[in-house]
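Okay, structure first, notes after.
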Amino acid sequence: MLNVENVRKTFGAVTVLDGVNLTVKPGEVVSVLGSSGSGKSTLIRCINGLERLDGGRITVDGFDVSRPKELAEARKRSGTVFQLFNLYPHMTALRNITLAPIEVLKRPKAEAEAEGRALLASVGLEDRADAYPAQLSGGQRQRVGICRALAMKPSYLLLDEVTSALDPEMTAEVLNILAKLAGNGTTMVFVTHEIEFARQISDRIVFLEKGVLLVDLPTRDFFAQDGGLAQPRVAQFLSKMR
Ligand code: ADP
Ligand code: MG
1 MLNVENVRKT
11 FGAVTVLDGV
21 NLTVKPGEVV
31 SVLGSSGSGK
41 STLIRCINGL
51 ERLDGGRITV
61 DGFDVSRPKE
71 LAEARKRSGT
81 VFQLFNLYPH
91 MTALRNITLA
101 PIEVLKRPKA
111 EAEAEGRALL
121 ASVGLEDRAD
131 AYPAQLSGGQ
141 RQRVGICRAL
151 AMKPSYLLLD
161 EVTSALDPEM
171 TAEVLNILAK
181 LAGNGTTMVF
191 VTHEIEFARQ
201 ISDRIVFLEK
211 GVLLVDLPTR
221 DFFAQDGGLA
231 QPRVAQFLSK
241 MR
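In C-alpha cells:
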C-alpha cells in the first residue's frame, strides 16, 4: 500500500499540506483534483521523497520516504511522470527508458532494451526508439515518459498533470494510454484537470483545497449531490471546470 499519514509540509510561513491522509491500495486508480496551488504537485513530490516532510509519514509498500536508507526502495516502487517533459534531451527515447533499469536495477542491457521496445510498441511508438526528445511531439514525449516510469515496474504510477501542456489531440493520445493501463490493473495516483476522464477511470477521487484533503470518496459518490457535490468548494470547482 501507499500510505500518506497526517502529512504536513510548509514553505516558510505557508502551510502547503495540512494533515493529509491518503491510502492507495494495489489496483486502485485514485484521481487528485483541486485548484491550482492547492498542493497537488507538492503531495506527489513528497511521495517521491523530493520534499522533506514537516510532519507525518509516507510509506510506499512499507518503505518510509523520510528514511534515507529506505528512500531508494520507496522510489523504485513509485514511478512518476511530471507535467513538463522531463526526458534527458541528449538520450534517445529507448535510452531514456532503459537507463534506470540498467543502472539501478542492474538489468542486462539486451533484456532492458527488448522490454523498452515492447513498452514503446505498447504506446504506439515502436518506430521512434532512436529518436531524441527534440524530434518527438509533446504527446510522444509524454508517452515515452510513461514508458520510462513503467520500465522500473513500479507498484504505483504517479502522474502529475501529464496532459496539461498538450493540445487536445495529444491529450487524447496520452489519455488513451492511461485508460489502457487503468484497465490492466495498474495502480495510479492521477493528478489532473481532466475531470470527465478522471470520472471514467478512477475508483476514488480526492479533492485538495489549500493543502487540506477535503473529500475522499468513491468516484460515483464524489459526483453525487449528497456526496462530493454537497461540499460547496467541490461544487464550485466542478462548475468552473466544465
Ligand atoms: P498545485 O500542484 O496544486 O498547483 P503546488 O503543490 O505546486 O500546487 O503548490 C502549492 C503551494 O505551494 C503554492 O502556493 C505554491 O506557490 C507553493 N510552493 C510550491 N513549491 C514551493 C517552493 N519550492 N517554495 C515555496 N513555495 C512553494
Ligand atoms: Mg501542480
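Mapping to the UniProt record's numbering: the sequence shown position 82 is 82, numbers consecutive.
Where is the CB? At the ideal position from N, CA and C, for every residue including glycine.
Best match in 36, 33, 8 and 1 for proximity to residue 23 [C-alpha to C-alpha]: When only C-alpha atoms are compared, the closest one is 1.
Runs of alpha helix (DSSP H) lying entirely within the stretch 23–60, each at least 4 residues, in chain order: Listed in chain order, the alpha helix (DSSP H) elements of length 4 or more contained wholly in the stretch 23–60 are 40–47.
Residue 188 in three-state terms, based on DSSP: Residue 188: strand per DSSP, three-state reduction.
Whole-angstrom C-beta distance between residue 209 and residue 38, which should lie under 8 Å: Rounded, the Cβ-Cβ distance is 6 Å, consistent with contact.
Distance CB(residue 119)-CB(residue 151) smaller than 8 Å: The answer is yes: Cβ separation under 8 Å.
Spatial neighbours of residue 166 in its chain, beta-carbon cut-off 6 Å, leaving aside the 5 residues before and after: 138 and 139.
Residue closest to residue 214, alpha-carbon to alpha-carbon, out of 156, 55, 40 and 88: From the listed residues 156, 55, 40 and 88, the smallest Cα separation to residue 214 is found for 40.
Continuous beta strand (DSSP E) stretch holding residue 204: start and end: Its beta strand (DSSP E) spans residues 204–209.
Nearest candidate by alpha-carbon position, reference residue 237, set 183, 116 and 206: For residue 237, the closest alpha carbon among the candidates 183, 116 and 206 is that of 206.
Strand pairing of residue 79, partner residues [DSSP]: DSSP output for residue 79 lists 157 as bridge partner(s).
Bounding residues of the alpha helix (DSSP H) (the contiguous stretch that carries residue 221): From DSSP, the alpha helix (DSSP H) with residue 221 extends over 219–222.
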